[in-house]
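Asks: Chains as they are written, first to last, in the numbering used here: chain A, 263 to 523; chain B, 608 to 855. From the three backbone atoms N, C-alpha and C, an ideal C-beta is built for every residue, glycine too. What follows is a structure written as structure tokens; I'll ask about it next.
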Amino acid sequence: MRALLAPLGALGRVTLAALALIGRVALFALDAISHMARPPFYAREFLSALFQIGWLSLPVVGLTAIFTGGALALQIYAGGARFNAEAVVPQIVAIGVVRELGPVLVGLMIAARVTSSIAAEIATMKVTEQIDALVTLSTHPMKYLTVPRVLAGLLVVPLLVAVGDVIGVFGGYVVAVNNLGFNPAAYLKNTVDFLEPLDIISSLVKGAVFGGIATTMGCFYGMNSGRGAQGVGGATKGSVQAAAILILAANFLLTGLFFSV
Amino acid sequence: MITLNGVQKAFGANAVLRGVDLTIDSGTSMVIIGGSGTGKSVLLKCILGLVTPDSGTITLDGQDVAKADRDAFLARFGMLFQGGALFDSLPVWQNVAFRLLRGSLKKPKDQAREIAIEKLRRVGLKPDVADKLPAELSGGMQKRVGLARAIAAEPEIIFFDEPTTGLDPIMAGVINELIREIVTEMGATAMTITHDMSSVRAIADNVAMLHDGVIKWTGPVAQMDASGDPYLDQFINGRAEGPIAAVR
Numbered sequence: 263m264r265a266l267l268a269p270l271g272a273l274g275r276v277t278l279a280a281l282a283l284i285g286r287v288a289l290f291a292l293d294a295i296s297h298m299a300r301p302p303f304y305a306r307e308f309l310s311a312l313f314q315i316g317w318l319s320l321p322v323v324g325l326t327a328i329f330t331g332g333a334l335a336l337q338i339y340a341g342g343a344r345f346n347a348e349a350v351v352p353q354i355v356a357i358g359v360v361r362e363l364g365p366v367l368v369g370l371m372i373a374a375r376v377t378s379s380i381a382a383e384i385a386t387m388k389v390t391e392q393i394d395a396l397v398t399l400s401t402h403p404m405k406y407l408t409v410p411r412v413l414a415g416l417l418v419v420p421l422l423v424a425v426g427d428v429i430g431v432f433g434g435y436v437v438a439v440n441n442l443g444f445n446p447a448a449y450l451k452n453t454v455d456f457l458e459p460l461d462i463i464s465s466l467v468k469g470a471v472f473g474g475i476a477t478t479m480g481c482f483y484g485m486n487s488g489r490g491a492q493g494v495g496g497a498t499k500g501s502v503q504a505a506a507i508l509i510l511a512a513n514f515l516l517t518g519l520f521f522s523v
Numbered sequence: 608m609i610t611l612n613g614v615q616k617a618f619g620a621n622a623v624l625r626g627v628d629l630t631i632d633s634g635t636s637m638v639i640i641g642g643s644g645t646g647k648s649v650l651l652k653c654i655l656g657l658v659t660p661d662s663g664t665i666t667l668d669g670q671d672v673a674k675a676d677r678d679a680f681l682a683r684f685g686m687l688f689q690g691g692a693l694f695d696s697l698p699v700w701q702n703v704a705f706r707l708l709r710g711s712l713k714k715p716k717d718q719a720r721e722i723a724i725e726k727l728r729r730v731g732l733k734p735d736v737a738d739k740l741p742a743e744l745s746g747g748m749q750k751r752v753g754l755a756r757a758i759a760a761e762p763e764i765i766f767f768d769e770p771t772t773g774l775d776p777i778m779a780g781v782i783n784e785l786i787r788e789i790v791t792e793m794g795a796t797a798m799t800i801t802h803d804m805s806s807v808r809a810i811a812d813n814v815a816m817l818h819d820g821v822i823k824w825t826g827p828v829a830q831m832d833a834s835g836d837p838y839l840d841q842f843i844n845g846r847a848e849g850p851i852a853a854v855r
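Take a look at the structure:
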């Protein structure tokens with residue numbers, strides 16, 4: 263009997279641990295939001311986070327978007343040719359990039375570049391007692407470390423998504439015009455005519471949500487890291503995994519919210 | 608005066624503090640000694656509120672620290688961490704002047720920098736160190752920067768966590784001397800945790816030995832060698848045989 267119940271017990275433990283983690287993350291996020299509304303606000307740390315998360319992510323976002331846009335144009339052209347629908351390349355590239363690929367890929371790139379870096383930095387600060395030092399210097403770690411990063415993520419990732427959308431569409435345009443024989447003016451006109459305001463709004467909202475998720479996960483795992491190098495490594499790995507999964511899950515929910523028929 | 612009454616703290620099944628009773632008089636230098644892993648750092652963190660005790664009370668000048676206004680309470684403290692705990696992303700002077708650049712003690716940037724350089728000079732570092740990053744400094748220099756940061760806001764109480772760990776004997780002597788001088792000239796209350804006996808003799812007015820989660824012996828440093836306490840005797844003479852198990 264005991265052997266039969268053992269798998270159920272293990273499943274229960276995993277489920278309880280997962281629920282406890284979700285609860286802790288939710289409380290952490292609420293705590294971060296409550297600290298955003300109360301002074302002091304560390305402007306220098308906020309500007310530094312804007313620079314780190316926004317400006318320094320531009321190259322990776324741009325490269326990801328341009329290659330994805332180009333590959334998407336090739337795929338749609340090849341797929342569309344099977345039922346004589348090659349002409350829809352501009353429209354599908356635009357909708358695919360703006361609604362889905364732009365925000366999701368930017369979100370995942372931010373998770374890889376920013377979440378990992380935040381988690382590693384804060385976890386190292388914890389391991390080397392820098393977080394304790396902050397407290398003894400009358401500085402709340404939540405306000406000094408988490409709030410500037412999460413706020414920067416919420417504000418700057420939508421801008422990165424917008425940039426990624428434009429570059430992604432441009433990637434499709436370059437490939438379509440140079441390799442697939444599309445007329446440049448007609449391609450641009452079809453793209454602009456096809457996109458609706460809701461497409462762009464959904465893209466930016468997704469960017470803000472993904473930015474919030476990526477930075478919150480980095481801060482949460484960093485603040486709750488274990489001891490030593492292994493603790494820092496575990497925090498970094500866990501933060502990226504959690505951010506990536508949450509970004510993909512949030513994308514599904516937001517897509518349903520914006521575009522369910 | 609800092610008073611601890613029956614302070615207990617456990618991490619899971621590991622009871623680290625089992626009822627610590629200790630008094631540290633204002634303006635005196637108390638050194639807590641004890642083997643590695645006996646809870647010295649936990650004790651210090653309990654006083655600062657970085658770790659919450661499971662039971663017992665800690666008072667500062669008669670006021671329960673758990674109920675005190677946190678900012679006002681912390682503003683009275685300075686702390687030198689074992690590894691320095693300097694902020695990697697900030698230059699040395701901003702580390703030293705951290706408290707003076709934000710919060711209730713905020714001063715204009717130029718003035719804060721001036722104070723930081725003066726404190727660096729006080730701990731024997733030249734002004735050209737001010738604009739370096741902590742990673743560019745040696746371990747001894749980082750400790751001194753940590754010391755400068757601890758005294759920058761001229762606190763009433765200063766905690767030193769293993770101030771000489773990892774330093775060569777000469778640098779350890781320099782740090783010990785600095786701590787003694789600074790504590791004397793500032794009239795501050797000091798609490799140091801260490802297992803370096805040369806530090807104890809250089810810094811302490813009073814000594815307390817923590818073992819097995821309780822204070823085994825406490826008294827003036829002058830009485831330490833003739834205490835007759837077998838735990839203290841074994842510890843200060845560094846003997847493998849005695850009531851303290853060598854393998855823990």
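Given this structure, state the Cα-to-Cα distance separating residue 477 (chain A) from residue 411 (chain A), to the nearest angstrom.
Replies: When rounded, the distance between both Cα atoms is 6 angstroms.
Asks: Listing by chain order, which chain B residues have their CB less than 7 angstroms from the CB of residue 392 (chain A)?
Replies: Per Cβ cutoff of 7 angstroms: 692 and 694.
Asks: With a threshold of 7 angstroms, establish whether the CB of residue 408 (chain A) neighbours any heavy atom of the ligand MG.
Replies: In the structure on display, the ligand MG does not appear, and there are no ligands present to speak of.
Asks: Please say whether residue 611 (chain B) and residue 663 (chain B) have beta carbons closer to each other than 8 angstroms?
Replies: A contact, by the Cβ cut-off of 8 angstroms.
Asks: Given residue 714 (chain B), which residues of its chain have a CB within under 6 angstroms of its CB, disregarding the five upstream and five downstream residues?
Replies: Within the same chain, residue 714 (chain B) has close Cβ partners 707.
Asks: Tell me, please, whether the CB atom of residue 302 (chain A) is closer than 8 angstroms to any CB atom in chain B?
Replies: True, the Cβ-Cβ gap to chain B drops below 8 angstroms.
Asks: Buried or exposed for residue 284 (chain A), going by 16 or more other Cβ atoms inside 10 Å?
Replies: Residue 284 (chain A) comes out exposed.
Asks: To the nearest angstrom, how far is the alpha carbon of residue 366 (chain A) from that of residue 444 (chain A)?
Replies: Taking the straight line from one Cα to the other gives about 27 angstroms.
Asks: On a Cα-Cα basis, can you pick out the residue from A:334, A:361 and A:363 that is closest to residue 350 (chain A)?
Replies: Ranking the options by Cα distance to residue 350 (chain A), first place goes to A:334.
Asks: Between the beta-carbon of residue 330 (chain A) and the beta-carbon of residue 473 (chain A), is there less than 8 angstroms?
Replies: Cβ distance not < 8 angstroms, so residue 330 (chain A) and residue 473 (chain A) don't count as in contact.
Asks: Nearest to residue 314 (chain A) by alpha carbon, out of A:419, A:492, A:516 and A:510?
Replies: Nearest of A:419, A:492, A:516 and A:510 to residue 314 (chain A), Cα basis: A:419.
Asks: Can you find a CB in chain B that lies within less than 8 angstroms of the CB of residue 408 (chain A)?
Replies: Not an interface residue.
Asks: Roughly how many angstroms separate the alpha carbons of residue 859 (chain B) and residue 812 (chain B), rounded to a whole number?
Replies: In the structure displayed, chain B extends from 608 to 855; residue 859 (chain B) sits before or after that span and is not available.
Asks: At 4 residues or longer, and completely inside the region 344 to 391 of chain A: list those alpha helix (DSSP H) runs for me, N to C.
Replies: Fully enclosed alpha helix (DSSP H) runs of 4 or longer: 351 to 357, 364 to 372 and 378 to 389.
Asks: May I ask which residues mark the beginning and end of the alpha helix (DSSP H) holding residue 297 (chain A)?
Replies: First-last of the alpha helix (DSSP H) with residue 297 (chain A): 264 to 298.
Asks: Since residue 826 (chain B) and residue 814 (chain B) should fall inside the 8 angstroms C-beta cutoff, what is the C-beta to C-beta distance between them, to a whole number of angstroms?
Replies: That belief holds up - the Cβ atoms of residue 826 (chain B) and residue 814 (chain B) are roughly 7 angstroms apart, short of 8 angstroms.
Asks: Quick one: is residue 502 (chain A) near chain B, going by C-beta distance under 8 angstroms?
Replies: No, because no Cβ of chain B sits closer than 8 angstroms to the Cβ of residue 502 (chain A).
Asks: Just reading off the alpha helix (DSSP H) that residue 700 (chain B) is part of, what are its end residues?
Replies: Its alpha helix (DSSP H) spans residues 699 to 703.
Asks: Does DSSP classify residue 694 (chain B) as helix, strand or coil?
Replies: Residue 694 (chain B) falls in the coil class under three-state DSSP.
Asks: Taking the alpha carbon of residue 470 (chain A) as the reference point, which residue from A:311, A:421, A:328 and A:299 has its own alpha carbon closest?
Replies: Of A:311, A:421, A:328 and A:299, the residue nearest in Cα terms is A:421.
Asks: What separation, rounded to the nearest whole angstrom, lies between the Cα atoms of residue 792 (chain B) and residue 798 (chain B)?
Replies: Approximately 16 angstroms between the Cα atoms of the pair.
Asks: Closer than 8 angstroms by beta-carbon distance: list the chain B residues that pair up with residue 289 (chain A), in chain order.
Replies: By Cβ distance, chain B contributes nothing, its closest Cβ being about 17 angstroms from residue 289 (chain A), past 8 angstroms.
Asks: With a 10 Å radius around its C-beta and 16 neighbouring C-beta atoms as the bar for buried, classify residue 684 (chain B) as buried or exposed.
Replies: So residue 684 (chain B) counts as buried.
Asks: Anything in the region 745 to 779 of chain B with a Cβ closer than 7 angstroms to a Cβ of chain A? List those residues in chain order, please.
Replies: Under the 7 angstroms Cβ criterion, the region 745 to 779 of chain B contributes no residue.
Asks: Tell me which residues of the region 818 to 833 of chain B have at least one Cβ-Cβ distance to chain A shorter than 9 angstroms, keeping chain order.
Replies: If the cut-off is 9 angstroms between Cβ atoms, the region 818 to 833 of chain B has nothing near chain A.
Asks: List, in order along the chain, the chain A residues whose C-beta lies closer than 8 angstroms to that of residue 681 (chain B)?
Replies: 397, 398, 399 and 400, listed in chain order.
Asks: Please tell me whether residue 502 (chain A) and residue 426 (chain A) are closer than 8 angstroms, where the distance is taken between their beta carbons.
Replies: Going by C-beta atoms, residue 502 (chain A) is not nearer than 8 angstroms to residue 426 (chain A).
Asks: Which full runs of the alpha helix (DSSP H) of 4+ residues lie inside the region 297 to 336 of chain A, going along the chain?
Replies: You should have 305 to 315.
Asks: What distance in whole Å lies between the Cβ atoms of residue 280 (chain A) and residue 385 (chain A), which are believed to be in contact at a cut-off of 8 angstroms?
Replies: That belief does not hold up - the Cβ atoms of residue 385 (chain A) and residue 280 (chain A) are roughly 21 angstroms apart, past 8 angstroms.
Asks: Please state the DSSP three-state secondary structure of residue 715 (chain B).
Replies: Residue 715 (chain B) falls in the coil class under three-state DSSP.
Asks: Cα separation between residue 693 (chain B) and residue 392 (chain A)?
Replies: Near 7 angstroms, if we compare the C-alpha coordinates of residue 392 (chain A) and residue 693 (chain B).
Asks: Using 8 angstroms as the limit for Cβ to Cβ distance, is residue 717 (chain B) near chain A?
Replies: So, not an interface residue.
Asks: Using a Cβ-Cβ distance cut-off of 8 angstroms, determine whether residue 804 (chain B) contacts chain A.
Replies: No, residue 804 (chain B) lies away from the interface with chain A (no Cβ there is under 8 angstroms from its Cβ).
Asks: What does DSSP give as the partner residue(s) for residue 630 (chain B) in the beta ladder?
Replies: Answer is B:610, bridged to residue 630 (chain B).
Asks: List, in chain order, every chain A residue whose beta-carbon is nearer than 8 angstroms to that of residue 785 (chain B).
Replies: Chain A residues near residue 785 (chain B): none, gap ~19 angstroms exceeds 8 angstroms.
Asks: Does any CB atom of chain A fall closer than 8 angstroms to the CB of residue 657 (chain B)?
Replies: With 8 angstroms as the cut-off, residue 657 (chain B) counts as an interface residue toward chain A.
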